[in-house]
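For the record, the sequence lines run as chains A and B. Letter 112 of the first sequence, counting from 1, is numbered 269 in my numbering, and no numbers are missing. Letter 69 of the second sequence, counting from 1, is numbered 70 in my numbering, and no numbers are missing.
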Amino acid sequence: MLEAFQEFFRQFAADHPTWNFIFFYEERQWNKVISGLWMTIKLSVVCVIFSVIIGIVGAAMQGARSAIVRGIVQGYIQFFRNTPPFVQLLFFYFALGRFTPTYSPDGWLEVPIISNVGWAIISLSFFAGAFNVEIFRAGVEAVPKSTQEASEALGFTRLQTFAYIVLPLALRVSIPSLNNNLVNLVKTTTQAFVIAVPELLYQSITIWNDFPSAQNPMMLVLFISYLALVGILVLGMNKWERSMRIPGYGA
Amino acid sequence: MKTLTTLTTAFAVLCSTTAVTAAECSNDTWNKVMSSGKLVVGVKADYKPWGYRNADGSLVGMEIDMAQDVADTMGVELELVPVQSSNRMQFLEQGKIDLMIATMSDRKDRREIVGIVGPNYYTSGTNLLAPDALAFADWEQIRDKPICGKQGAFYNQIVEERYGAQVIAFTGNAEAKQALRDKKCVGFVYDDSSIMADLASGEWDGFGMPMPTEDDNPWALAVPKAEENCVFGRFMSGMQYNWHVDGTLIALEEKWGIQATSYLAKEQERFKDWLAD
C-alpha cells in the first residue's frame, strides 16, 4: 500500500516536473517536514502561553500605584509593539546573544545558553505579549468602576480585586481580540526563519532549495499546515469563549 | 450534451495548440528585450567579487561585467536585479529577470526548472571557512558539530548526509558569517572560490580554508526554460564559448583579483581554434 503510494508520487513527479511531492517518497525529506511542523507547533504553543501570561501580568502592572512600574510597562509596550518582529529577532539573537553566558564544548565554540530557538521564544512572546497587555487593558477598562469599588468595600486588596473580580470579567471581554492576536502570533513564528530556527518554513525552503521541483508542493504544505494550525487554535478559542460566557454579561 | 461536446472540442483544440507552440520557438524573452531595448539580468549582491555592492552602492563584479558584455553585444541597455540563492530560479521563471548570472552551480534538478546552456563559465567546489585554532584537516572532523551555511546551497545536504554535520542555514551570507564570528558554529560551509576571496580581503585573520575541496561543480548561467533551445539560449551558448576562446573569463578573473582556476585554462585549451597559431 505504502509502496504503491510512493510509486504514484514518484511517477507524478516524473510526469509533472514542477509538482514533485518528494517528501511522500523520500524519507529524509519527510523527516524534515515532520520536524519542521513539530518545531512550529512547539514554538506556537510555548509563545501563546508566555504571551498570554505577559499580557495578564502587564495589564495588572498597568494598574499599579507606582508611576515607575506603569512607566516600565508603557516603555515595554512601545518598544515591542512599534518595532518589526523580524528586526527584534535579529537584534536579540545577534546583539543581545553576545552578552549571554556561553559554554564551550571544544575550547573554541561559544555556545550561548540561550539557543536560537530560545531567543525566538523570548522575542516572539514579548512581541505578542505587548499587544496582549493592550488587549487586556481594554478588557480591564470595560469592567465598571462600581464593581471594583464594591469589591474594595468587601475588603478585597488591590491584587485580590484584580485576580478575582476584574480579570475574570476582563478576560471575557478580551477574548475576541486576544483570538486575533494569537492567530497573528502563530503566523509570525515563520519569521524565526531569519535566525535559522528549523521550523516549517525553514525546512520547506531547505527542501525546495535542494529540489527546486518541489517548490509548489512545499508551498501547498505550508498553506495547509498553517490553515490547520490556526484553525485548531481558533476552534479552541471559540470553545473557550462559549464555556466562559456569563448569561447577561457583555452582549 | 451539445455544449459538452463543444467544450470538449474547444479544450482538445486548445491542448493541441499548446502542444504545437511548445515545440516551436516563440522567442518571447528575446523579442521583448530587443523591442524594449533593455536586458534585465539577475546577479548576486553578496558574493564578492563576482557580484557585490561597491562603496557607492552600485552592483559590480565579474558577473556584472559579463552581463554588461551580453547587453553590449545585443545592443541594449543593462538593468541589474540583485537575487538570492534561494529565489534566483523563481525570478527567472516568473519573468522578473531575462537572464540569470548568479554563481549558480549546474545541477540536474535545476536544469528542469530553468534553461541552463553550456559551456559552463566557471566552477567551484565546497570548502569550509574555519578558525585555525581548531586545526581542521579532514571533513570527518566536523561530525556532529554545528556548521553555519547559507540557504540555497546544494552542498548543505551533502555535508549533513556524508559527514553528519549539523548545518544551521541562514538566509544570507552576512548572517552566517556573523554567526561564525560569534563562535556559534565551527565553520562556514561555502564555495571555495568565495572563501578564498574572503580570506584575501584580510578581514578573516585567524581563519583559513582547511579542508580538501570537494564536489567541484561547474557554474551555469540560465535563460528562461522556454528559451533554452531557442535564439536566446543559443546566443548565450555562443557568448560563453567566445568568453572561453578569447580569454575574457581569464582576464576578468585577473581583473577582480580572483585566484586563477585551472578550469578556465583547461576550457580555453579545449575550445582552442585549430587554425590559430
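The beta-carbon is built from N, C-alpha and C at its ideal position, and this holds for glycine as well.
Cβ-based burial, residue i [other Cβ within 10 Å; buried from 16]
{"i": "H245 (chain B)", "result": "buried"}
{"i": "A307 (chain A)", "result": "exposed"}
{"i": "V244 (chain A)", "result": "exposed"}
{"i": "R402 (chain A)", "result": "exposed"}
{"i": "P258 (chain A)", "result": "exposed"}
{"i": "A261 (chain B)", "result": "exposed"}
{"i": "D367 (chain A)", "result": "buried"}
{"i": "Y406 (chain A)", "result": "exposed"}
{"i": "F381 (chain A)", "result": "It should be noted that the sequence gives Ile, not Phe, for residue 381 (chain A). With fewer than 16 other Cβ atoms within 10 Å, it is exposed."}
{"i": "R185 (chain A)", "result": "exposed"}
{"i": "A72 (chain B)", "result": "buried"}
{"i": "L342 (chain A)", "result": "buried"}
{"i": "E268 (chain B)", "result": "buried"}
{"i": "I292 (chain A)", "result": "buried"}
{"i": "F165 (chain A)", "result": "exposed"}
{"i": "A170 (chain A)", "result": "buried"}
{"i": "R271 (chain B)", "result": "exposed"}
Test: residue i CB closer than 7 Å to a CB of chain A
{"i": "S59 (chain B)", "result": "no"}
{"i": "S1 (chain B)", "result": "Residue 1 (chain B) lies beyond the range of chain B shown here (2 to 278); nothing can be said about it."}
{"i": "A166 (chain B)", "result": "no"}
{"i": "A23 (chain B)", "result": "At A23 (chain B) the pLDDT is 49, less than 50, meaning the model places this residue with poor confidence; the figure from the coordinates comes in the next sentence. Judged by the 7 Å Cβ criterion, A23 (chain B) is not in contact with chain A."}
{"i": "I102 (chain B)", "result": "no"}
{"i": "K184 (chain B)", "result": "yes"}
{"i": "A134 (chain B)", "result": "yes"}
{"i": "G126 (chain B)", "result": "no"}
{"i": "F92 (chain B)", "result": "no"}
{"i": "F208 (chain B)", "result": "no"}
{"i": "Q269 (chain B)", "result": "no"}
{"i": "V187 (chain B)", "result": "yes"}
{"i": "G203 (chain B)", "result": "no"}
{"i": "Q260 (chain B)", "result": "no"}
{"i": "I65 (chain B)", "result": "no"}
{"i": "I169 (chain B)", "result": "yes"}
Among the options, nearest to residue i - alpha-carbon criterion
{"i": "A134 (chain B)", "options": "A:E160, A:D263 and A:V378", "result": "A:D263"}
{"i": "V300 (chain A)", "options": "A:G405, A:I332 and A:L328", "result": "A:L328"}
{"i": "M240 (chain B)", "options": "B:W31, B:A131 and B:M67", "result": "B:M67"}
{"i": "N157 (chain B)", "options": "B:S37, B:T74, B:G58 and B:D216", "result": "B:D216"}
{"i": "G286 (chain A)", "options": "A:F237, A:G312 and A:P333", "result": "A:F237"}
{"i": "L379 (chain A)", "options": "A:W365, A:L390 and A:V391", "result": "A:W365"}
{"i": "K273 (chain B)", "options": "B:K256, B:Y242 and B:T74", "result": "B:Y242"}
{"i": "E78 (chain B)", "options": "B:D183, B:L40 and B:E254", "result": "B:L40"}
{"i": "A170 (chain B)", "options": "B:R182, B:G58, B:G153 and B:F236", "result": "B:G153"}
{"i": "A136 (chain B)", "options": "B:V224, B:D70, B:T30 and B:G209", "result": "B:G209"}
{"i": "E183 (chain A)", "options": "A:L281, A:I225, A:W176 and A:R167", "result": "A:R167"}
{"i": "F180 (chain A)", "options": "A:P355, A:S370 and A:Y383", "result": "A:S370"}
{"i": "P213 (chain B)", "options": "B:Q269, B:F155 and B:L130", "result": "B:L130"}
{"i": "I322 (chain A)", "options": "A:I332, A:I234 and A:Q305", "result": "A:Q305"}
{"i": "K256 (chain B)", "options": "B:E229, B:A46 and B:V61", "result": "B:V61"}
{"i": "P404 (chain A)", "options": "A:L326, A:L357 and A:S331", "result": "A:L326"}
Beta-carbon proximity check, residue i vs residue j, cutoff 7 Å
{"i": "A217 (chain A)", "j": "F319 (chain A)", "result": "yes"}
{"i": "I196 (chain B)", "j": "N128 (chain B)", "result": "yes"}
{"i": "D99 (chain B)", "j": "V34 (chain B)", "result": "yes"}
{"i": "R315 (chain A)", "j": "Q219 (chain A)", "result": "no"}
{"i": "V203 (chain A)", "j": "I278 (chain A)", "result": "yes"}
{"i": "G254 (chain A)", "j": "P269 (chain A)", "result": "yes"}
{"i": "M90 (chain B)", "j": "V118 (chain B)", "result": "no"}
{"i": "S280 (chain A)", "j": "L335 (chain A)", "result": "no"}
{"i": "N289 (chain A)", "j": "A353 (chain A)", "result": "no"}
{"i": "K189 (chain A)", "j": "Q348 (chain A)", "result": "no"}
{"i": "W205 (chain B)", "j": "N121 (chain B)", "result": "no"}
{"i": "A103 (chain B)", "j": "V82 (chain B)", "result": "no"}
{"i": "L390 (chain A)", "j": "G193 (chain A)", "result": "no"}
Cβ separation of residue i and residue j, assumed to be a contact under 8 Å, to the nearest whole Å
{"i": "N218 (chain B)", "j": "D107 (chain B)", "result": "7 Å"}
{"i": "S86 (chain B)", "j": "K151 (chain B)", "result": "6 Å"}
{"i": "K146 (chain B)", "j": "Q167 (chain B)", "result": "7 Å"}
{"i": "C149 (chain B)", "j": "L181 (chain B)", "result": "5 Å"}
{"i": "V232 (chain B)", "j": "W31 (chain B)", "result": "5 Å"}
{"i": "W187 (chain A)", "j": "P132 (chain B)", "result": "Actually they are not in contact, since the Cβ atoms of W187 (chain A) and P132 (chain B) sit about 36 Å apart, beyond 8 Å."}
Within-7 Å CB hit, residue i to chain B
{"i": "L422 (chain A)", "result": "The question about residue 422 (chain A) has no answer, for chain A in this structure spans 158 to 408."}
{"i": "I362 (chain A)", "result": "yes"}
{"i": "P174 (chain A)", "result": "yes"}
{"i": "S370 (chain A)", "result": "yes"}
{"i": "A171 (chain A)", "result": "no"}
{"i": "F251 (chain A)", "result": "yes"}
{"i": "A349 (chain A)", "result": "no"}
{"i": "N366 (chain A)", "result": "yes"}
{"i": "A353 (chain A)", "result": "yes"}
Any C-beta of chain C under 7 Å from that of residue i
{"i": "V84 (chain B)", "result": "In the structure shown, chain C cannot be found, because the protein chains are A and B."}
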